[in-house]
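Terminal number for the sequence shown in our numbering: 100, no gaps in between.
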Amino acid sequence: MNKPIDSFLPRSKEAIKDTVVSSAFVAMGVLMPGGMLDSNNFQVHLGGIAIGIGIGWLVKSIIFHKKQE
32 MNKPIDSFLP RSKEAIKDTV VSSAFVAMGV LMPGGMLDSN NFQVHLGGIA IGIGIGWLVK
92 SIIFHKKQE
């Protein structure tokens, strides 16, 4: 029941590429200027969308690559 985290993440070249792309979206959303500080700004919405895309891409790629194994 308690599997190590290493067995959870796929190790193929495509899975690593998908992880890099999703982390780039999350980093873009977090590091956008004023994205996390202002309460009523268009950049807040863009930052939230970018973080959502990054997390969604990561979940999609983990599910897809687990089915491929």
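For every residue, glycine included, the Cβ atom is placed at its ideal position computed from N, Cα and C.
C-beta contact flag for residue i and residue j at 7 Å
| i | j | result |
| --- | --- | --- |
| GLY85 | VAL57 | yes |
| TRP88 | SER54 | no |
| GLY60 | ILE94 | no |
| HIS96 | PRO41 | yes |
Spatial neighbours of residue i in its chain, beta-carbon cut-off 8 Å, leaving aside the 5 residues before and after
| i | result |
| --- | --- |
| PRO64 | GLN74 |
Sequence-distant residues of the same chain with beta carbon closer than 7 Å to residue i, five excluded per side
| i | result |
| --- | --- |
| VAL90 | none |
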